[in-house]
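Participant: Chains F and Z supply the protein sequences, listed in that same order.
When we follow the working numbering, the leftmost residue of the first sequence carries the number 6, and every step to the right adds one.
When we follow the working numbering, the leftmost residue of the second sequence carries the number 79, and every step to the right adds one.
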Amino acid sequence: MAIIHAEAAPETRGALVASGINLSFGGIDVLKGVDLDLRPGLVTGLIGPNGAGKTSLFNCLTGLYHPNRGRIALGDTALDVLSPARRAGLGMVRSFQHMALSPDLTLLENVMTGLTLSRRSGWGSAFLPMPRGRAETQDARRRAMAALDELGIAGAADLAPPELPPGTQRLGEIARALVGGPKVLLLDEPAAGLNAVETRDLTRALRRVMHPALIMVVVEHDMDLIMQLCDQIYVLNFGKVIACGSPEAVQADPEVLRVYLGAGDE
Amino acid sequence: MAVSELVHPEGAIRSPARAVPDLRKWLAALVVAVLAVLPMLSGSFLLYSLSLCFANAIAVLSVSVLVRYGGEVSIGHSFFVALGAYTVAVMEKHLGLGLWISLPVALLMGFAAGLLFAVPSRRMSGIYLAVASMALALSLPELLIHMERWTGGFEGLYISRDLLPGVAKAGQRYYFALAALILVCLAMAHFRGSRQGMALLLARAHPRAAEAFGITRSWARISVFALSATLASLSGAVVAFASSTVSPNSFTLWSGIFYLVGSVVSLQGTSLLAALVGGGIITLVPQYLAGAGDYVPILYGSALLIVTLLANSGSGLRRLLPGKGA
């Protein structure tokens with residue numbers, strides 16, 4: 006296995022580190038000793054053929070799956086036994102492969118749900134127009150609008166998701182994930198279902214929202230997006246990391262070429 | 079809060095396609111105005127019927143809240159309605175306390191009962207939750223009869239204390255029930271735009287996505303059931319005051335099924351108009367069809383079928399009674 010080490014990351018504190026992750030379902034090993042080092046300020050891509058274990062690894066990071074062995078930590082905090090909701094409280098948010106916006110809420114309101122954990126208004130404010138609740142709602146609306154504006158879709162704020170094209174919905178999901186100022190943003194196939202123009206806009210938008218304190222992880226099949234967006238890439242095959250490094254290094258890796266193109270098989 | 083909030087929640091962002099037609103605002107305002115002056119123009123039987131209609135409209139709305147915000151169905155809400163009704167009746171009969179005190183107690187009882195039911199059943203959904211709620215309703219009449227010393231057994235209890243001494247009883251019943259319904263609709267309109275309301279709507283549509291933002295399924299289920307049970311209990315308190323009597327026959331499994339029917343025909347809406355349609359269908363229609371004798375079930379069933387088909391056909395009724403998203 007050729008492991009190509011990424012260039013020194015700009016920040017090592019607060020990194021999301023997974024070490025020795027093993028996961029099996031019914032005796033079938035899905036992940037075998039996977040190590041990840043995801044640092045703030047870097048966009049990391051997780052790629053691999055179908056069945057490589059990308060989504061399983063992603064679900065381990067987000068807490069939907071709990072590994073049989075191995076450790077996952079964000080900075081000094083061990084995440085192993087924390088639920089997705091608890092991980093959200095630590096600043097880890099994710100988007101979903103299938104659109105997961107509520108059709109009963111407008112796009113702006115969907116983004117406001119990304120602030121649920123940081124809002125403190127009680128049940129009294131939920132039923133009565135109390136000043137504190139109103140002020141908090143206005144603040145949440147302002148922040149949600151700013152997130153939409155940053156991604157260039159503020160014009161769609163008042164529309165319901167079913168009225169929007171897939172690209173705008175996807176950006177809306179990302180706005181919801183970003184609005185609370187997360188430490189870790191995990192994107193599960195963000196370009197799924199998007200056309201070329203929408204994928205290009207998405208890539209630009211993700212580049213725009215990236216900042217030195219953010220860890221961004223992208224699971225994606227669209228290689229153009231991965232190569233343009235990511236600073237480092239992990240390549241998985243049959244539950245193992247077969248390569249890791251910069252886009253250029255990964256593209257030149259013989260093992261990766263063999264897996265993706267079948268080079269040398271004949 | 080404005081009357082317009084009776085038909086559309088505060089804080090909901092209005093898209094051009096989803097904008098509330100002015101017609102709906104004016105219709106709600108007109109309905110409130112007509113209902114406010116009705117006692118000066120009509121007889122006591124109509125006022126009595128409408129008082130019960132308003133009370134039942136709150137019960138229908140409590141089921142609609144469970145459906146819309148929790149995505150679940152209950153056919154046993156008559157249990158929580160009875161809890162509120164008997165709380166008012168028992169506190170008057172045995173403690174000599176009037177509605178000013180028993181009403182808040184009824185709300186607390188409904189809330190507590192909702193929590194007690196929701197916590198152990200929080201992982202149940204769909205048909206299993208519906209059957210579990212049915213068990214509540216089935217056990218209720220026997221429970222009430224068995225506790226005869228407190229509940230009056232088969233005969234039930236009477237509520238005779240006035241809310242406002244010196245004011246005509248029919249007027250008190252009517253305006254109290256109407257005010258309770260309007261306040262509940264206003265509160266639910268505000269709730270739709272709240273942090274909790276939006277979180278529940280996301281949790282209903284995409285539980286995993288909601289969990290990724292800190293909204294757990296357990297919180298969502300327990301919150302929505304406690305809220306729904308509290309509203310149902312309020313409905314029971316209003317029923318008790320409006321009808322001046324409570325008995326086991328008023329809170330059977332059929333009552334719970336009819337609350338669900340009311341919710342379906344009102345498109346699970348929580349606006350005043352939707353609640354009135356639901357309350358009217360289960361209160362006024364049977365009363366005014368009563369003269370048809372043996373044909374009542376057929377006529378009632380036909381009326382329900384027509385309303386349900388109209389409501390789900392994309393007709394004007396759907397636009398007037400906002401279901402999803404309103």
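Positions of the beta carbon are idealized from the N, C-alpha and C atoms, including for glycine.
Do glutamate 289/Z and alanine 83/F have their C-beta atoms within less than 9 Å of each other?
Facilitator: In the second sequence, residue 289/Z corresponds to position 211, counting from 1. In the first sequence, residue 83/F corresponds to position 78, counting from 1. Result no, Cβ atoms of glutamate 289/Z and alanine 83/F do not sit closer than 9 Å.
Participant: Apply the 10 Å Cβ neighbour rule to valine 39/F and answer buried if 16 or more other Cβ atoms are within range, or exposed otherwise.
Facilitator: What you label residue 39/F is simply residue 34 of the first sequence in a count that begins at 1. Per the 10 Å Cβ criterion, buried.
Participant: I want to verify the contact list: residues of chain Z whose CB lies under 8 Å from the CB of leucine 133/F, in sequence order.
Facilitator: One-based indexing of the first sequence puts residue 133/F at position 128. Taking a Cβ-Cβ threshold of 8 Å, the residues of chain Z close to leucine 133/F are Ala265, His268, in chain order.
Participant: My parser needs the alpha helix (DSSP H) runs of 4 or more residues fully inside the stretch 92 to 162 of chain Z; what are they?
Facilitator: 100 to 115, 122 to 148
Participant: Would you say phenylalanine 195/Z and serine 211/Z are within 9 Å of each other, going by their C-beta atoms?
Facilitator: Counted from its first residue, the second sequence places residue 195/Z at position 117. Counted from its first residue, the second sequence places residue 211/Z at position 133. Yes, Cβ-Cβ distance for phenylalanine 195/Z and serine 211/Z is below 9 Å.
Participant: As a quick exercise: from Val112/Z, Gly271/Z, Gly230/Z, Ser127/Z, pick the residue whose alpha carbon is nearest that of methionine 169/Z.
Facilitator: Position 91 of the second sequence, counted from the start, is the residue given in the question as residue 169/Z. When only C-alpha atoms are compared, the closest one is Gly230/Z.
Participant: For glutamine 237/F, which of helix, strand or coil comes out of DSSP?
Facilitator: Sequence index remark: in the first sequence, residue 237/F carries index 232 (1-based). Strand.
Participant: Could you work out which residues of chain F lie near histidine 39/Z, taking near to mean beta carbons separated by less than 8 Å?
Facilitator: Because chain Z spans 79 through 404 in this model, residue 39/Z falls outside it and cannot be assessed.
Participant: Could you check the C-alpha separation between glycine 25/F and threonine 49/F for me, to the nearest Å?
Facilitator: By 1-based counting over the first sequence, the position of residue 25/F is 20. By 1-based counting over the first sequence, the position of residue 49/F is 44. Each residue's alpha carbon lies about 18 Å from the other.
Participant: Taking 9 Å as the CB-CB cut-off, is proline 171/F touching chain Z?
Facilitator: Counted from its first residue, the first sequence places residue 171/F at position 166. No, no contact with chain Z.
Participant: Output the distance between the C-alpha atoms of cysteine 65/F and arginine 99/F, rounded to the nearest integer angstrom.
Facilitator: Within the first sequence, the letter at position 60 stands for residue 65/F. Within the first sequence, the letter at position 94 stands for residue 99/F. Each residue's Cα considered, the two are about 12 Å apart.
Participant: Looking at C-beta atoms only, is the number of pairs between the stretch 68 to 84 of chain F and the stretch 230 to 242 of chain F that lie closer than 8 Å three or more?
Facilitator: no
Participant: Does the beta carbon of asparagine 73/F come closer than 9 Å to any beta carbon on chain A?
Facilitator: In the displayed structure, chain A is absent; the protein chains listed are F and Z.
Participant: Check whether the stretch 327 to 347 of chain Z touches the stretch 174 to 193 of chain Z, counting contact only when three or more Cβ pairs, one atom from each stretch, lie closer than 8 Å.
Facilitator: no
Participant: Report the option in Leu190/F, Leu106/F, Ser126/F, Gly129/F whose CA atom is closest to the CA atom of glycine 46/F.
Facilitator: For this step, residue 46/F is matched to residue 41 along the first sequence. Comparing Cα-Cα distances from glycine 46/F to each of Leu190/F, Leu106/F, Ser126/F, Gly129/F, the minimum goes to Leu190/F.
Participant: Any beta carbon from chain F within less than 9 Å of arginine 273/Z's own beta carbon?
Facilitator: In the second sequence, residue 273/Z corresponds to position 195, counting from 1. With respect to chain F, the C-beta atom of arginine 273/Z has a partner C-beta closer than 9 Å.
Participant: Just to confirm my understanding: we take valine 183/Z, look at its own chain, exclude 5 residues before and 5 after, and list those with CB closer than 7 Å. What are they?
Facilitator: As a first step, residue 183/Z is located in the second sequence; it is residue number 105 there, counting from the start. Answer for valine 183/Z: Thr165, Met169, listed in chain order.
Participant: Does the beta carbon of alanine 151/F sit closer than 9 Å to a beta carbon anywhere in chain Z?
Facilitator: Reading the first sequence from its first residue, position 146 is the one you call residue 151/F. Alanine 151/F does not count as touching chain Z.
Participant: Any chance you could list the alpha helix (DSSP H) runs of at least 4 consecutive residues sitting entirely within the stretch 285 to 318 of chain Z, in chain order?
Facilitator: Every unbroken stretch of the alpha helix (DSSP H) spanning 4 or more residues and falling wholly within the stretch 285 to 318 of chain Z is given here in chain order: 285 to 290.
Participant: Check distances from the C-beta atoms of the stretch 226 to 246 of chain F to those of chain Z and list, in chain order, the residues that come in under 9 Å.
Facilitator: none
Participant: Contact criterion: CB-CB distance below 9 Å. Does phenylalanine 303/Z meet it with respect to chain F?
Facilitator: In the second sequence, residue 303/Z corresponds to position 225, counting from 1. Answer no: the Cβ-Cβ gap between phenylalanine 303/Z and chain F never drops below 9 Å.
Participant: Give me the chain F residues within the contact set of alanine 315/Z, using Cβ-Cβ distance strictly less than 7 Å, ordered along the chain.
Facilitator: Within the second sequence, numbered from 1, the residue matching residue 315/Z stands at position 237. By Cβ distance, chain F contributes nothing, its closest Cβ being about 17 Å from alanine 315/Z, past 7 Å.
Participant: Quick check: what's the CA-CA separation for threonine 386/Z versus alanine 107/Z?
Facilitator: Translated into the one-based positions of the second sequence, residue 386/Z becomes position 308. Translated into the one-based positions of the second sequence, residue 107/Z becomes position 29. Answer to the nearest angstrom: the Cα atoms are 25 Å apart.
Participant: Look at the alpha carbon of glycine 198/F and the alpha carbon of leucine 113/Z, and state the distance between them as a whole number of angstroms.
Facilitator: Stepping through the first sequence from its first residue, residue 198/F is reached at position 193. Stepping through the second sequence from its first residue, residue 113/Z is reached at position 35. Computed Cα separation, rounded: 52 Å.
Participant: Quick one: what's got a C-beta closer than 6 Å to arginine 239/Z's C-beta in the same chain, skipping five residues either side?
Facilitator: The residue labelled residue 239/Z in the question sits at position 161 within the second sequence. Hits under 6 Å: Glu170, Gly176.
Participant: Hey, could you find the ends of the beta strand (DSSP E) threonine 49/F is sitting in?
Facilitator: The sequence position of residue 49/F within the first sequence is 44, counting from 1. Unbroken beta strand (DSSP E) run through threonine 49/F: 48 to 52.
Participant: Are the C-beta atoms of threonine 208/F and some chain Z residue less than 9 Å apart?
Facilitator: The sequence position of residue 208/F within the first sequence is 203, counting from 1. Closer than 9 Å: no.
Participant: Which chain F residues are close to alanine 287/Z, counting only those with a beta carbon under 7 Å from its beta carbon?
Facilitator: By 1-based counting over the second sequence, the position of residue 287/Z is 209. Chain F residues near alanine 287/Z: Phe101, Ala105.
Participant: What three-state label does DSSP hand serine 251/F in the structure shown?
Facilitator: Taking the first residue of the first sequence as 1, we reach residue 251/F at position 246. Reduced to three states, the DSSP call for serine 251/F is coil.
Participant: Please classify alanine 404/Z: does DSSP put it in a helix, a strand, or coil?
Facilitator: Within the second sequence, residue 404/Z is the residue found at index 326, counting from 1. Since pLDDT at alanine 404/Z reaches only 39, below the 50 mark, its modelled position is unreliable, and the value read off the structure follows with that caveat. Reduced to three states, the DSSP call for alanine 404/Z is coil.
Participant: So the beta strand (DSSP E) isoleucine 360/Z belongs to, where does it begin and stop?
Facilitator: Translated into the one-based positions of the second sequence, residue 360/Z becomes position 282. Per DSSP, isoleucine 360/Z belongs to no beta strand (DSSP E); it is in the alpha helix (DSSP H), 350 to 367.
Participant: Quick one: measure Cβ to Cβ for leucine 156/F and alanine 210/F, integer angstroms, because I've assumed they're closer than 8 Å.
Facilitator: For the purposes of this step, residue 156/F is taken as the residue at position 151 of the first sequence. For the purposes of this step, residue 210/F is taken as the residue at position 205 of the first sequence. At roughly 5 Å, the Cβ-Cβ gap stays under 8 Å, so leucine 156/F and alanine 210/F are in contact.
Participant: Report the rounded CA-to-CA distance for leucine 130/Z versus alanine 255/Z, giving the unit in angstroms.
Facilitator: For the purposes of this step, residue 130/Z is taken as residue 52 along the second sequence, with counting starting at 1. For the purposes of this step, residue 255/Z is taken as residue 177 along the second sequence, with counting starting at 1. Spanning the two alpha carbons is a distance of roughly 8 Å.
Participant: Which residues in the same chain have their Cβ closer than 7 Å to the Cβ of valine 145/Z, if we skip the five residues on either side of it in sequence?
Facilitator: One-based indexing of the second sequence puts residue 145/Z at position 67. So the list reads Val151, Ser341, Gln346, once near-sequence residues are dropped.
Participant: Going by Cα to Cα distance, which pick from Thr142/F, Asp109/F, Gly186/F, His216/F is closest to arginine 69/Z?
Facilitator: One cannot answer for residue 69/Z here, as it falls past the ends of chain Z, which runs 79 to 404.
Participant: Mind pulling the chain Z residues with CB within less than 9 Å of proline 195/F?
Facilitator: Mapped onto the first sequence, residue 195/F falls at position 190. Here the premise fails: no neighbours, minimum Cβ distance about 14 Å.
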